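>
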Amino acid sequence: MEFRKIKSLRKEKKITLTELGEKTGYSASFLSQIERGTNRPSLEALRKIADALDVTVASLLANEAPQVIQDEETSAHGYKVIRNSSGTIYNPWQTNSTYYDTLFNLPVHTNNMVISKIYIDAQSSSSGRKIAHNLCEINYVIKGEATIELQDEVLILHEGDAIFLEAFTQHNIINATENELMLFTLQF
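Residue numbers for the sequence shown, in the numbering used here: 685 to 872.
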């Protein structure tokens with residue numbers, strides 16, 4: 685695995701390998717090997733590098749995320765929708781091989797994180813009413829179609845689509861279809 689983002693962030697911030705080495709305690713040679721993919725860093729090394737570059741570890745590991753639609757409009761309303769423009773369905777429980785597809789690249793500075801796989805029966809909802817959490821939430825549709833009720837609008841998400849909800853955004857997840865709905869949910 686190559687960590688080209690480290691190099692691009694380092695160059696963007698006009699930091700040399702030697703300067704990054706001084707900030708992290710690692711040699712310029714070791715850091716260069718990481719950037720080129722000839723040496724795999726430990727999680728601790730990634731944390732030190734991320735801190736030195738003033739970014740999150742997740743941002744160093746993230747690949748390109750799918751298209752974010754209506755970014756400027758939706759941010760003001762407390763959510764962002766990501767449509768599966770590639771047609772690829774993310775399946776974190778795939779058995780033949782492991783495949784990761786970054787949905788969001790968000791800085792997370794919290795100790796609270798809940799990861800869930802949620803099943804919603806046909807013609808039912810997650811809570812029966814709009815609720816809000818004190819955590820941010822990402823819902824990714826693995827199977828089925830999700831109707832997301834927000835304060836003043838309703839969104840339809842299909843397989844491969846995802847939604848990011850800011851903390852305290854009132855919402856209800858509805859399965860209005862005759863088939864089971866399965867979601868991957870991350871609360872942080």
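Positions of the beta carbon are idealized from the N, C-alpha and C atoms, including for glycine.
As the structure is a computational prediction, the values presented were derived from the model and not from experiment.
#1: Along the chain, where does the alpha helix (DSSP H) that runs through Ala736 open and close?
#2: Among Ile699, Ile840, Ile857, Ile799, whose alpha-carbon lies nearest the alpha-carbon of Ser808?
#3: In chain order, what residues of the same chain have a beta carbon less than 7 Å from the beta carbon of Asn863, not counting five sequence neighbours either side?
#4: Tell me the DSSP secondary structure of Ile718 in three-state form.
#5: For Phe868, count the other beta carbons within 10 Å of its own beta carbon; 16 or more makes it buried, fewer makes it exposed. Which is it?
#6: Of all the options Leu870, Thr740, Leu701, Val739, which has the alpha carbon lying nearest to the alpha carbon of His817?
#7: DSSP puts Gln835 in a beta bridge; with which residues?
#8: I need the straight-line Cα distance from Leu727 to Ala860, nearest angstrom please.
#9: Between the alpha carbons of Ile799 and Phe872, how many angstroms are there, rounded?
#10: Mark His855 as exposed unless 16 or more other C-beta atoms lie within 10 angstroms of its C-beta, in which case mark it buried.
Taking the structure as given:
#1: The residue you call residue 736 lines up with position 52 of the sequence shown. Here the alpha helix (DSSP H) through Ala736 covers 727-737.
#2: The residue you call residue 808 lines up with position 124 of the sequence shown. Out of Ile699, Ile840, Ile857, Ile799, Ile857 has the C-alpha closest to the C-alpha of Ser808.
#3: Reading the sequence shown from its first residue, position 179 is the one you call residue 863. For Asn863, same chain residues with a beta-carbon under 7 Å away, outside a window of 5 residues either side, are Ala806, Gly828 in chain order.
#4: Position 34 of the sequence shown, counting from 1, holds the residue named residue 718. Note: Ile718 maps to helix in three-state DSSP.
#5: Residue mapping note: residue 868 aligns to position 184 of the sequence shown, counting from 1. Counting of Cβ neighbours within 10 angstroms places Phe868 among the buried residues, the total reaching 16 or more.
#6: As a position in the sequence shown, residue 817 is number 133, starting the count at 1. For His817, the nearest C-alpha among the options comes from Leu870.
#7: Within the sequence shown, the letter at position 151 stands for residue 835. In the DSSP output, where bridge partners are listed per residue, Gln835 has none listed.
#8: For the purposes of this step, residue 727 is taken as residue 43 along the sequence shown, with counting starting at 1. For the purposes of this step, residue 860 is taken as residue 176 along the sequence shown, with counting starting at 1. Cα to Cα, the separation comes out at about 42 Å.
#9: The sequence position of residue 799 within the sequence shown is 115, counting from 1. The sequence position of residue 872 within the sequence shown is 188, counting from 1. Straight-line spacing of the CA atoms in Ile799 and Phe872 works out to 9 Å.
#10: Position 171 of the sequence shown, counted from the first residue, corresponds to residue 855. His855 should be labelled buried.
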